[in-house]
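**Student:**
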Amino acid sequence: MNIMSKFSKISISLFIVLFFGLSFFGFNLFRERNAATQTENEEIPNDEQTMEEELDAIADDSTSLADEDFVDNSAVDSSDDPEKESVEIEKNNFLDVSKNDCENKCKDFTDPDDLKYCQQICGLAATKKDVQEKSGCDLMQDLEKDYCLKDLAITKKDASICAQINDTNILKTCKNRIAQDMLESQKL
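If you count by the working numbering, then the sequence shown holds residues 21 to 208, one letter each, in order.
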């Protein structure tokens, strides 16, 4: 019996040592994995910070429109009157384009002007690369001018040009496209 009790004590001691060793190793591995994830999320490369600062500086109000979804027409402003805010937003929109319209590739729009507007908002219209100067856009009016300014801003990758766009949907699309292009160029 003496041998059996010695064997039991050794095996139990060995089991306890192995258990604590594996627990310590597992805890360190888990902690390092989570710490690395948190560090990656907290650190933003300088290029992205510069882009964010540039887009924030361009925004007319305290909320940057660059982070909003281009079909979300509920822009947040610091005004106290939500009814007045929605009227102002609707005043600057030619049409209300929903996410479903974009997913359907604007098939529900029959009027050529409405179809063109929907395609511009959804990013389905080709960007005109021949737009080189702002002076060409100054000769145009209303939506045509906004389209021209958007194309010019995207071509030159200059978000400050987007600030001159009157239509809020086109403004959002312009800023989103420039931000997207900047992020894609950083990945390459």
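Every residue, glycine too, gets a C-beta built ideally from N, C-alpha and C.
1) For the alpha helix (DSSP H) containing Ile-174, list its first residue and its last residue.
2) Go ahead and label Phe-90 buried or exposed: buried means 16 or more other beta carbons lie within 10 angstroms of its beta carbon, across all protein chains shown.
3) Hey, is the region 186-201 in contact with the region 165-175, meaning 3+ C-beta pairs nearer than 8 Å?
4) Report buried or exposed for Ile-36, applying the criterion of at least 16 other Cβ atoms within 10 angstroms of its Cβ.
5) Quick check: the Cα distance between Asn-189 and Lys-207, rounded to an integer number of angstroms?
6) At which residues does the alpha helix (DSSP H) containing Cys-126 begin and terminate?
7) What residue does the alpha helix (DSSP H) around Ala-199 start on, and which one ends it?
8) If we call anything under 9 Å between Cβ atoms a contact, is Asp-121 one with Asp-128?
9) As a quick exercise: from Leu-159, Cys-126, Leu-42, Gln-184, pick the residue whose alpha carbon is nearest that of Leu-144.
10) Go ahead and pull the three-state DSSP assignment for Thr-83.
11) Given a threshold of 16 other Cβ atoms within 10 Å of its Cβ, counted over all protein chains shown, does Gln-161 qualify as buried or as exposed?
12) Have a look at Arg-197, Leu-203, Asp-158 and flag the residue whose alpha-carbon is nearest the alpha-carbon of Gln-184.
13) Cα-Cα, which of Asp-134, Ala-179, Asp-178, Ile-181 is closest to Leu-163?
14) With a Cβ-Cβ cutoff of 9 Å, do Arg-197 and Ile-174 count as a contact?
15) Answer yes or no: does any C-beta atom of chain C fall closer than 9 Å to that of Lys-176?
**Tutor:** The answer reads as follows:
1) As a first step, residue 174 is located in the sequence shown; it is residue number 154 there, counting from the start. For Ile-174, the enclosing alpha helix (DSSP H) has its first and last residue at 162-176.
2) Within the sequence shown, residue 90 is the residue found at index 70, counting from 1. In this prediction, Phe-90 scores a pLDDT of 43, lower than 50, which makes its location untrustworthy; no coordinate-derived value is stated.
3) Counting Cβ pairs under 8 Å, three or more are found: they touch.
4) The residue given as residue 36 occupies position 16 in the sequence shown. The residue in question, Ile-36, is exposed, as its Cβ has fewer than 16 Cβ neighbours within 10 Å.
5) Here residue 189 refers to the residue found at position 169 when the sequence shown is read from its first residue. Here residue 207 refers to the residue found at position 187 when the sequence shown is read from its first residue. Cα to Cα, Asn-189 sits roughly 27 Å from Lys-207.
6) Working through the sequence shown from its first residue, we reach residue 126 at position 106. That residue, Cys-126, is in no alpha helix (DSSP H); it is neither H nor E in DSSP.
7) Locating residue 199 in the sequence shown gives position 179, where the first residue counts as 1. Membership of Ala-199 in the alpha helix (DSSP H) is indicated by the continuous run 188-207.
8) On the sequence shown, position 101 is the one that residue 121 refers to. On the sequence shown, position 108 is the one that residue 128 refers to. Yes. Within cutoff.
9) By 1-based counting over the sequence shown, the position of residue 144 is 124. Closest option to Leu-144, Cα to Cα, is Cys-126.
10) Stepping through the sequence shown from its first residue, residue 83 is reached at position 63. Caution is warranted here: a pLDDT of 38 is assigned to Thr-83, below 50, making its placement in the model unreliable, and the coordinate value is therefore given only provisionally. In the three-state reduction of the DSSP assignment, Thr-83 falls in the coil class.
11) Along the sequence shown, read from residue 1 onward, the residue named residue 161 stands at position 141. Within a 10 Å sphere around the beta-carbon of Gln-161 sit fewer than 16 other beta-carbons, which makes this residue exposed.
12) Indexing the sequence shown from 1 puts residue 184 at position 164. Check the Cα spacing between Gln-184 and each of Arg-197, Leu-203, Asp-158: the tightest is with Asp-158.
13) Stepping through the sequence shown from its first residue, residue 163 is reached at position 143. Nearest option by C-alpha distance: Asp-134.
14) Counted from its first residue, the sequence shown places residue 197 at position 177. Counted from its first residue, the sequence shown places residue 174 at position 154. Closer than 9 Å, so yes.
15) The question asks about chain C, but that chain is absent: this structure has only one protein chain.
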